[in-house]
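In the numbering used here, the protein residues as written are 369 to 1548.
Following this line, the structure appears as structure tokens:
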């Protein structure tokens, strides 16, 4: 039998050991000089080429066994994915090219960017089974990905300023900072050496062997040894002036944080030893490494990243004793990092397509720990929310196939003859799912959640104890293999795969899970059930009908197998397992109880307790109280249950499972009756109910109250509950001093005001009584004797003020300015309170500036509803680099909302500039994610949006096609954005080349040049309105430390009309740009945009830059062809100057060719807007 070809046996050599030495880490120049030596064992005699992975590294020389210098070549297809001029600009065309480029350098396919030739004279060295050392000298200068330098702009030495650097990666991207075999399936032992300044500490993988000072005592070298075989993607480094804290409970655990954060670190990490103990006990296995290090750094792109023996976490996870919310997040994040040490770092995967296993198992183990820490209710609520998120994603984009490497086995047929081979099902995504570096980051995120749910399904299939035995067997095999040398050939036991895992389950349990794996791992989608029932009084049976009508919809598939239905009757809970075969399953279930009429008797629940129920609301003949479908969430499914409102009310009041209560609350939104109101009110008041259910009930009561507004009696909903819980004894209107000892009451105290702010009277506005109640909460808020911080509570109150705002009912003539006098009394009070809190934050900033974030959201709400002029200036100030990252992302979210509704082209350009150039990688990726969630326009819209321009298509296309070879996450995120804006097909705003050629009789040979001019002329009227880059930068200047926001800053008491002011500003801009376009542009671009040394013409070592690998014959092309390619192929490190020249060229083209608007509309694939709409484009 032929051995299965996997990533670990695809190469013609095996890796035994690797040395990584970084000698020159320079913070001022942001550069690294280093050397790697890979010890490889050839698997054949005639090894002619050795392929390694390396990106953005400048390679100086490659040697074999220190003596023989050998030639090498570099090739990175991501520098130009769709090669040549491309007018199609569709994802249908980009996706196959993207997959082809990724496969060309995929280490799982024995490929790589760095091709090292083994010349004939060195063939004597390369013999089967004899080790060869491959040494590579390299450097990195201002790396754009993989390594991040954080150098705060302030006084003092680097160490005093807290300057630090760390490596970060998107899945397997270690190639971004050192040459390696960047595969999860090539483990080896490591020696790591890092030379840093005397004031710095280098933290990396493995045991710290020694620290050696240089002779001048100004630098020191940290030597680490990692004897456990580990793959290159699990190697990391952090360098900085860290403060060091050895865990008092486990001395092999060390924590590192930046100066000044030690107190928060001690609080945040105090329970971490419990996670180690829990995992070791649960898995019946020791922690696999001799030590563990946690490093907290700033400006990370993800909150937690686990590597062998070390985890790099965000400083934003740290918190003090007074913070409540962050504790849950931080403890779970640290627990996940430790779980990934077992599955992900110690046990890696055989192919990238097996990534679902380590991700799913690590998240499953984290869930078990979270259940122990925070309770079963919190755990079930988490599972329920993950299931809903997976369902939503799959119904929107398509079914997630967790292991696409192998198609599911075909369903056995009865007929004669051989069966056809299985054909992989195309799930219809806009990105290829066959390579890790082409997948959408959102897809990978949801895939982790689905993998967790599938591991949990396995637990239900084979049992909790047996699943833990399977995991224990994997860890035991890996521990045994890790102790052996490479020559023993056992290191493959440290790799896990779908097939290996399935066999392990069979070995331990005797159960063949192949069908389960085919159904849920190798096939995408989830089931969707619609349950309805009728009670047959004569036969005392429940006639059930379960339908799967939606199997043809995206992301939904037909389920065949057992399905559990539980029926709560008067005499107890009864479980029935139905076998689902077709799209409609019918079953008659005999009831165990008779209807009681007027007999009083306690009703037993599934938990064993007996309760009294008021049965007056139910059907007198039916003993059925409520039904549930798959209550344990053992399937990936979406359920729609049709039952009358009184059954949902009984379910909410008396069912003890939180998922059941949450489903009942969601259903009761559609039944606005006094009985629903009572059930929800009782739930909010009931201390025995899980707090998140009570909070959800409060929001549901808001919707029920709004639907019942015409016949609502009494004070506004929840007002009495709040005053009863939190009001003073003598005067309930005045709230008591804060005391958050009771966490249930704390979460309710935060939630009820926000829920009440959503109440509306018959005129559709928030009742005066509610607004006064909210303002009183601010007035009487006293946190002086509370041991916990009230920052999240105050943020919730600001959020409530924002939620109380309704669209302005304008009696003022349209176009009149908004002044302080024109605001209603309530709105003025709301605005004053928001402004006061925003200013107070500058004097007394709270934890994570949560109040500032809430204020920015509330101000945007006031703008959106017409109470404030819609101006982006304030948000730009808060979005500037230097502000706290979560405040920046909130401000950017508000800017995105503004841009979609009222923004100009320059506002969208501002956002794109930030996505390209911002120093913080987390902000760059976060901004693109926010744009995907709230795009300025959508490809499903029928009318063309004012921001839908050819410039936008070209800019996005150039970014992900040839500018982001170093950043897979960003490239794939921009593909997500492109899909949201334009879909898979060619964007409609792009001119069709054939039609453009027909419309141009004068010079046929230059139709491409005129094509640009045609599109430009359509925007000639609006071009004068664009705000120049230099003005944009000034608007984004950082906040002064104590700059007070007045009503003027929000644009309230303005004297001029806003529209007129804007026109003046834009006319000034036009004059500026006409006077000297080059001056304005260079003011905007950074000083560092000069190309790196040794690229153009010099004889130095070759660096790798976007677009530098153009063929020689391109130089011989005609001038017009060079113009056509100019925006793509540049030898500059920074590609922006190319865009600048292109804009100048397009302006020249405008002078050559003037085309009437009627002609344009016939040429473009979608009609352009009329002239009148163009002139109104930028007025408020």
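No residue lacks a Cβ here, since even glycine has one placed at the ideal position from N, Cα and C.
Under 8 angstroms between the Cβ atoms of residue i and residue j?
| i | j | result |
| --- | --- | --- |
| residue 1554 | residue 1303 | The structure shown does not extend to residue 1554, since the chain spans only 369 to 1548, so no value can be given for it. |
| residue 517 | residue 646 | no |
| residue 1037 | residue 1072 | yes |
| residue 811 | residue 768 | yes |
| residue 896 | residue 829 | no |
| residue 1228 | residue 457 | no |
| residue 1009 | residue 1020 | no |
| residue 391 | residue 432 | no |
| residue 1344 | residue 808 | yes |
| residue 508 | residue 545 | yes |
| residue 1290 | residue 669 | yes |
| residue 1201 | residue 1146 | yes |
| residue 1120 | residue 1090 | yes |
Taking only beta-carbon atoms, is residue i less than 8 angstroms away from chain C?
| i | result |
| --- | --- |
| residue 818 | Judged by its chain identifiers, the structure shown contains no chain C, having just a single protein chain. |
Whole angstroms are fine: how far does the CA of residue j sit from the CA of residue i?
| i | j | result |
| --- | --- | --- |
| residue 1007 | residue 899 | 8 angstroms |
| residue 1273 | residue 1315 | 6 angstroms |
| residue 593 | residue 385 | 11 angstroms |
| residue 542 | residue 921 | 40 angstroms |
| residue 1069 | residue 535 | 48 angstroms |
| residue 1293 | residue 694 | 22 angstroms |
| residue 320 | residue 1231 | Here the chain comprises residues numbered 369 to 1548, so residue 320 is not present and cannot be evaluated. |
| residue 765 | residue 1141 | 44 angstroms |
| residue 1218 | residue 761 | 29 angstroms |
| residue 614 | residue 1083 | 57 angstroms |
| residue 1115 | residue 1054 | 14 angstroms |
| residue 691 | residue 1094 | 21 angstroms |
| residue 639 | residue 660 | 15 angstroms |
| residue 1398 | residue 722 | Residue placement at residue 1398 is flagged as unreliable, the pLDDT there being 36, under the threshold of 50; the coordinate-derived value follows with that caveat. Rounded to whole angstroms, residue 1398 to residue 722 spans 49 angstroms at the Cα level. |
Closer than 8 angstroms by C-beta to residue i: which residues in its own chain qualify, once you throw out the five before and the five after it? Chain order, please.
| i | result |
| --- | --- |
| residue 467 | 800, 802, 803, 806 |
| residue 1432 | Because the pLDDT at residue 1432 is just 41, under 50, the model does not fix this residue reliably, and the point stays unresolved. |
| residue 1221 | 1163, 1254, 1255, 1258 |
| residue 684 | 671, 1216, 1253, 1254 |
| residue 410 | 380, 381, 494, 495, 496, 497, 498, 500 |
Give the C-beta separation of residue i and residue j to the nearest angstrom, bearing in mind that I take them to be a contact with Cβ-Cβ under 8 angstroms.
| i | j | result |
| --- | --- | --- |
| residue 376 | residue 860 | 6 angstroms |
| residue 846 | residue 714 | 6 angstroms |
| residue 1224 | residue 1259 | 6 angstroms |
| residue 1282 | residue 1321 | 19 angstroms between Cβ atoms; not a contact. |
| residue 1240 | residue 1275 | 6 angstroms |
| residue 751 | residue 1001 | 6 angstroms |
When DSSP builds the beta bridges, which residues end up paired with residue i?
| i | result |
| --- | --- |
| residue 589 | 563, 580 |
| residue 558 | 386, 594 |
| residue 1292 | DSSP, once it has assigned bridges, lists no residue as partnering residue 1292. |
| residue 934 | 943, 996 |
| residue 912 | 901, 955 |
For residue i, which residues in the same chain have their Cβ closer than 6 angstroms to its Cβ, ignoring the five residues on either side in sequence?
| i | result |
| --- | --- |
| residue 1491 | For residue 1491, the pLDDT reaches just 42, beneath the cut-off of 50, and the residue's location in the model is therefore unreliable, although a value from the coordinates is still provided. Around residue 1491: no qualifying Cβ. |
| residue 1198 | 1169 |
| residue 1541 | Low local confidence applies: a pLDDT of 37 at residue 1541 is under 50, so the model's placement there is unreliable, and no value is given. |
| residue 676 | 573, 598, 602, 713 |
| residue 626 | 530 |
| residue 1270 | 1238 |
| residue 513 | 544, 1334, 1335 |
Take residue i and list the residues in its own chain whose beta-carbon comes closer than 7 angstroms to its own, dropping the five residues that flank it on each side.
| i | result |
| --- | --- |
| residue 483 | 417, 419, 440, 441, 443 |
| residue 383 | 406, 408, 549, 554, 556 |
| residue 1403 | Because residue 1403 carries a pLDDT of 37, less than 50, the predicted location of this residue cannot be relied on, and no value is offered for it. |
| residue 734 | 700, 703, 704, 707 |
| residue 480 | 419, 420, 421, 473 |
| residue 1148 | 1102, 1103 |
With a threshold of 7 angstroms, establish whether the CB of residue i neighbours any heavy atom of the ligand GTP.
| i | result |
| --- | --- |
| residue 817 | As for the ligand GTP, it is missing from this structure, which has no ligand bound. |
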